[in-house]
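Note sheet for the following structure.
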Amino acid sequence: MDTRWQRLLGRVRDARAKPFIVAVGALFVLGTYLRVNHLCDAIRLDEATTYVLFVTKPFSEAISAYELPNNHILNTILAKLAVSAFGPEPWSLRLPNLQAGIGVMALTAIISVRWFGRAAAVAALAVVAVSPSVIHYSVLARGYGLMLFFGLLTLLSIERRHAGGARRAWPVATAVSAALAFYAVPTAVLFVAPLAAYDLILTAKGGKYAVYRWAAVWLAAAALTALLYSPVVWRSGWRTLLVNEYTARLGLAEMGQYIRLYGREIRDEKSWGVGGLPLWGTLMVAGFMAGAVRRKTYGLLCALCAGTVLIFFVAAFQMRARVYYYFWLLGALGVGALAEAAVSKFRVPWKGAAWVGLGAVVLSAAVVGVAEERKRLIDESCRSGVAPEARELAAEVCALPPLSRLVVNGWYDDTLKYYLIKAGATTAAIEHYVPRAFTFEAYVVVQPGSSVREEVDTFFWDRGAYVFRQKLIRRVGDAALWRVVLINPE
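Heads up, the sequence shown is in numbering that gives the first Met the number 0, so the first residue is 0 and it goes up one at a time.
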């Protein structure tokens, strides 16, 4: 039997390791359950847009279309494969990111145990397993979970390389995983750039030839990234990737508004899970400090990531808060260091009891918080792109006689298209133009809190269409489907 497998079996059979294995296994099962539990949630707008505009298109177009930054291409490719195998179900669209989310839990535990110890792995895995934010982006059919997974894999490969791992395998792993993190979401630069700087600082101790090897690894990562994005560049140019509505420069007043938006998101108690910001904010800060004390390289990496964020603010670049969720993972590692310090400080006859006790506390908190966490992700008062009535509205539209136009806005636009395509119906009627006919009939989907007049004005924003007659067909949840006669002013 291979020596490596013998060592692994020896660790598993070690009585002192069993409490650790039980605690990690229980947390891993819990984290997987919490993620799988959201696989069949109502489809969200960004997920529906990804499916309608990219996943349904031919492969050549799916990997080159970047008119909307919504196309996280690695996720699109994997979602196309999943849909081809299992059909266009919400759970199949989310399957690639679910696997990445489970991988994030595994990598968090591996890095924690390498850096700090077994108690740290239990605590860090507990944070990642039950965090509502991490769960959300581990299931959403977007590229964020894949970015986090390949970012952590890049960090692990850097650590293994500097620890004297396989001379060739880990440099290749660093280059490939960094490129795939970029291919998942281009804004992965906010995590991967600090990792490259971190790698350089560790490498510089080995002299100029070590720096040359570092340069070779990261030039290979850059070349592979450029190759992966070459279809986009060929079709639309580099500006499509680098300058878009989500990476725009902001003026001073706009930046102030954006900072206040970040403040509101940070203060959102539901996004932190059980205990809210007071508990987790304090725990994270203490964890960052404990991690920096116990391992200087951890403090260095956190400082580099914080510096990257500072550069973003100084340069006044707009970035969505979601791209900074890697700080949750860094914070989880810090909480692990804090737990390891606590276990080391307080002498107990059987340290395994501390690990199991830590796991039991987190499991209990998770059981209490599961309902709250699920409500936050599908809360009707804060839908975050969710249109739960879209499935039933699509069924109603399919059952009605076809008209010349279907007026749909907001959450219901691509979401309704997703369910229509899934049902085998045409979406040709959902177009943003007025037919040539002077009067024409249309169905209008009215969102909660809106009216037929508002929906028509929003839909035909560039040329007015007058509402001549309207009739309610059916209410579906908080939404409604109307049949109207519209007058084309032209």
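A virtual CB, placed ideally from N, CA and C, is assigned to each residue, including glycine.
Because the structure is a prediction, the values reported are computed rather than measured.
The stretch 292 to 303 makes contact with the stretch 110 to 125: 3 or more CB pairs, one atom from each, lie closer than 8 Å. In the displayed model, ILE486 falls within a strand according to three-state DSSP. Under a 10 Å Cβ-count criterion, PRO277 is classified as exposed, with fewer than 16 other Cβ atoms of the shown protein chains found around its own Cβ. Judged by their CB atoms, LEU124 and VAL23 are nearer to each other than the 8 Å cut-off. Rounded to the nearest angstrom, the gap between the Cα atoms of TYR323 and PHE311 is 11 Å. It is roughly 11 Å from the alpha-carbon of TYR465 to the alpha-carbon of GLU440.
Distance from the CA of TRP410 to the CA of ALA209, rounded to the nearest whole angstrom, comes to 52 Å. Taking C-beta atoms under 8 Å as the contact rule, GLU158 and ARG113 qualify, at a distance of about 6 Å. For ILE486, the closest of VAL455, LYS421 and ALA479 by C-alpha to C-alpha distance is VAL455. Distance from the CA atom of ALA172 to the CA atom of LEU151, rounded to whole angstroms, is 12 Å.
A direct Cα-Cα distance of roughly 16 Å separates GLY476 from GLY384. Taking a cut-off of 8 Å for Cβ pairs, the stretch 67 to 77 and the stretch 414 to 424 do not touch, as fewer than three such pairs fall below it. The beta carbon of THR186 is closer than 6 Å to those of VAL322 in its chain, skipping five residues each way along the sequence. Among the bridge pairs identified by DSSP, THR75 is matched with none.
The Cβ-Cβ distance between LEU471 and LEU392 does not fall below 8 Å.
Bridge partners of TYR442 according to DSSP: LEU405 and ARG482. Around THR55, the same chain offers no residue with a beta carbon nearer than 6 Å, after the five sequence neighbours per side are excluded. Annotation for GLN317: no alpha helix (DSSP H) segment contains it, and DSSP assigns it neither H nor E.
If you draw a straight line from the Cα of ALA215 to the Cα of PHE149, it comes to about 19 Å. Taking a C-beta distance under 8 Å as the contact criterion, TYR418 and ARG482 do not qualify as a contact pair.
For the options VAL184, ALA162 and ILE420, the alpha carbon positioned closest to that of ASN96 is the one of VAL184.
By the Cβ-count criterion, GLY448 is exposed, with fewer than 16 other Cβ atoms from all chains shown falling within 10 Å of its own Cβ. If the five residues before and after GLY144 are omitted, its C-beta is found closer than 6 Å to the C-beta atoms of ASN96, ALA99, GLY100, TYR136 and SER137, all from its own chain and listed in chain order. Beta-carbon to beta-carbon, ALA128 and LEU26 are separated by about 5 Å, close enough to satisfy the 8 Å threshold.
Beta-bridge partners of LYS470 (DSSP): ARG482.
Distances from the CA of LEU223 to each of TRP327, ALA180, PHE316 and PRO387 were compared; the closest alpha carbon is that of ALA180.
For ALA108, the uninterrupted alpha helix (DSSP H) segment begins and ends at 89 to 114.
For TYR465, the three-state secondary structure derived from DSSP is strand. Spatial neighbours of VAL82 in its own chain (CB-CB distance under 7 Å, excluding positions within 5 residues in sequence) are listed in chain order as VAL54, SER91 and LEU92. Only exposed fits GLY206, as fewer than 16 other CB atoms lie within 10 angstroms of its CB. Runs of the alpha helix (DSSP H) lying entirely within the stretch 139 to 192, each at least 4 residues long, are 143 to 161 and 168 to 183 in chain order. VAL475 is bridged by DSSP to ALA478. Close CB contacts of LEU337 within its chain, under the 6 Å cut and outside five residues either way in sequence, are with ALA285, GLY286 and ALA289 (chain order).
HIS161 and TYR297 have their alpha carbons spaced roughly 14 Å apart. Contact annotation: LEU300 and TYR197 have beta-carbon atoms nearer than 8 Å.
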